[in-house]
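Just below is one structure, and these are the notes that go with it.
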Amino acid sequence: MSDIQHVDICCGLSWGDEGKGKIVSQLSKSGNYDFVCRWSGGNNAGHTVYVNNKQYSTHLIPSGIFYGVKSIIGPGCVVNLNSFMQEIRYLQENGFDTRLVKISPRAHVVLEQHIQEDTQKYAKTLGTTGNGIGPCYRDKHLRVGKRVIDCMDDFKDYIWDETLYGTILCEGAQGFWLDIDYGNYPYVTSSSTLPYGACSLGFSPKKIRYIYGATKIYDTRVGYDPDFPDNLLDDPILTKLGEVGKEFGTTTGRRRTVNYLNLDKLIQAINMSGTTHLIISKVDIVVEVGVFKYYFENTLLSCPDIDCMKSCLTTLLRKHTCIEDVVFSSKPTEI
Ligand code: IMP
Ligand code: MG
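Counting with this note's numbering, you get residues 768 to 1102 for the letters of the sequence shown.
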């Protein structure tokens, strides 16, 4: 019999950078969770969280660590052990209890040769983050990869004993439209970003309670994608949104291409992910720029003000999805 009460999941509904870290951070703070777990990706991800008004960034270690919650890097993740240790030291220097961080022995190790191959071959053609993610997952699926269990001696303090109990929060990496199966292939990442991927942590799908889906009120994309053509970068209003919204990558520092919210894609992502609670963030950015536009049924629609935009989006989302709740947020503390 499993001692797991229930599992909540936070996933991205767009192309990453939807503020998942801030949501997970708020949820972890509640003290309601026994574990916060990552189920996919590696240090290609990056989140920025604010703890006591101080900004922290991590790439691999789940945000639960900032609130004293056991933080697990699951079997579906790929781990660069050098950057993992760097993150551990960074957290220690800032006074966080890193004894709570554990890695699955089944997770695969990103090797130097994976990084070389990724930066030399795929960073330019596919716009990857150059962290060796694709080559590492390829070797995993070829069954020639190296796993964390093979490096057990060096990392024994951080090896997860694979127990889970109580209430669990899973933290997604990347977003729905970067998923290996549902994204704009081959301009995708090499793992499952949809919430069902979280079950690879070792619980039954029947344990899932809430799915928190994160998006922004405008879309952004970092890395090459023909669905975000370069001419978007020349649009003065979209450029302004990017500047005011500080749309630069946490991991690579690259400028993100901005477009108006694509509600058709958001609706599809909500329905397929099973999102129960939707969080639409960065509302303050469109207010500051004073532009209230979104695509619906492939048409660009415009609202006179933010109240109109919020009510139009809410009405359409309620009509086309089964979400229980929609929250519009500006500053991270409002979630
Ligand atoms: P990779 O995951 O480094 O192989 O990159 C594949 C694609 O996913 C590229 O377009 C990246 O820019 C994008 N990507 C990967 N991780 C993130 C993320 O955390 N946020 C946003 N985009 C990401
Ligand atoms: Mg990110």
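All residues carry an ideal CB built from backbone N, CA and C; glycine is no exception.
Q: Would you mind stating whether C804 and I839 have Cβ atoms separated by less than 8 Å?
A: yes
Q: Report the residue from S807, D801, R988, C1089 whose alpha carbon sits nearest the alpha carbon of I978.
A: C1089
Q: Could you work out which residue in G841, V836, T1019, V1094 is closest to I1047 when comparing CA atoms only?
A: V1094
Q) Is G933 near D801, with beta carbons less than 8 Å apart? A) In this structure, D801 lies closer than 8 Å to G933 by Cβ.
Q: Kindly provide the ranges of any alpha helix (DSSP H) runs that are 4 or more residues long and lie completely inside the region 1006-1041, ordered along the chain.
A: List check, alpha helix (DSSP H) in window: 1030-1040.
Q | At least three beta-carbon pairs within less than 8 Å, the region 823-838 to the region 791-798 | A | Touching, yes.
Q. Among G899, G835, A890, which has the Cα closest to the Cα of V868?
A. G835
Q: Could you tell me which of K891, R1085, P842, A812 sits nearest to L1030, measuring between CA atoms?
A: R1085
**Q.** Where C1075 falls, given that 16 or more other Cβ within 10 Å makes a residue buried
**A.** That one is exposed.
Q | Chain-order list of residues whose beta-carbon lies under 6 Å from that of G786 (same chain, five-residue window excluded) | A | A981, S1048
Q) Taking all protein chains shown into account, do 16 or more other C-beta atoms lie within 10 angstroms of the C-beta of D946, making it buried, or fewer, making it exposed? A) buried
Q: Report the option in R1023, D928, T865 whose CA atom is closest to the CA atom of Q853.
A: T865
**Q.** Assigned secondary structure, Q772 (DSSP; H/G/I helix, E/B strand, else coil)
**A.** strand
Q: Count the CB pairs spanning the region 1036-1043 and the region 997-1006 that are closer than 8 Å, and state whether there are at least three.
A: Counting Cβ pairs under 8 Å, fewer than three are found: no touch.
(Q) Tell me the DSSP secondary structure of R914 in three-state form. (A) strand
Q) Pick from T1066, T886, G894: whose alpha carbon is nearest that of Y952? A) G894
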